[in-house]
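**Student:** Counting in the numbering used here, the sequence shown runs from 274 upward without gaps.
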Amino acid sequence: MNNVNLFVKADLLLQENLYDKLRDFVGILDLTLLDPNFYHIIDSTNNDDGEIFCSHSEFLLSSSKVEKMVNRFIKSGYILMDIVTFKKLLGR
């Protein structure tokens, strides 16, 4: 599962209360559910509890629209990283 690509909302890494929730979330995330053929999005809900979720994008990695999609997510405040880097960043 080392080749899974993630878009992680930057706010989750920058706000202490969300960072703690993110670490807990990654601890229980079943990595076998992450498809290496898709980009996966890690974000939180906008409600008071800020529940964190993981979903996959509608674009396959091999899609002709990948460059536009990557740029759109980065401009929207997401950081692109692989699962290994993400886990190291969280100390997991």
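Positions of the beta carbon are idealized from the N, C-alpha and C atoms, including for glycine.
1. Classify Phe326 as buried or exposed, calling it buried when 16 or more other Cβ atoms lie within 10 Å of its own Cβ.
2. Looking at the unbroken beta strand (DSSP E) that takes in Asp316, where does it start and where does it end?
3. So the beta strand (DSSP E) Val339 belongs to, where does it begin and stop?
4. Near Phe359, what residues of its chain come up, given a Cβ to Cβ distance below 7 Å and the 5 sequence neighbours on each side ignored?
5. Check whether the Cβ of Gly300 lies closer than 7 Å to any heavy atom of the ligand HEM, and answer yes or no.
6. Please name the residue, chosen from Gln288, Val277, Tyr292 and Ala283, that lies closest to Gly364 on a Cα-to-Cα basis.
7. Could you check the C-alpha separation between Leu295 and Leu286 for me, to the nearest Å?
8. Within 10 Å of its beta-carbon, does Asp297 have 16 or more other beta-carbons around it, so buried, or fewer, so exposed?
**Tutor:** Straight from the coordinates:
1. exposed
2. Phe311 to Ser317
3. Unbroken run through Val339 is the alpha helix (DSSP H), Val339 to Lys348; no beta strand (DSSP E).
4. Leu279 and Val281
5. Among the ligands in the structure shown, none appear at all, so the ligand HEM cannot be discussed.
6. Tyr292
7. 8 Å
8. exposed
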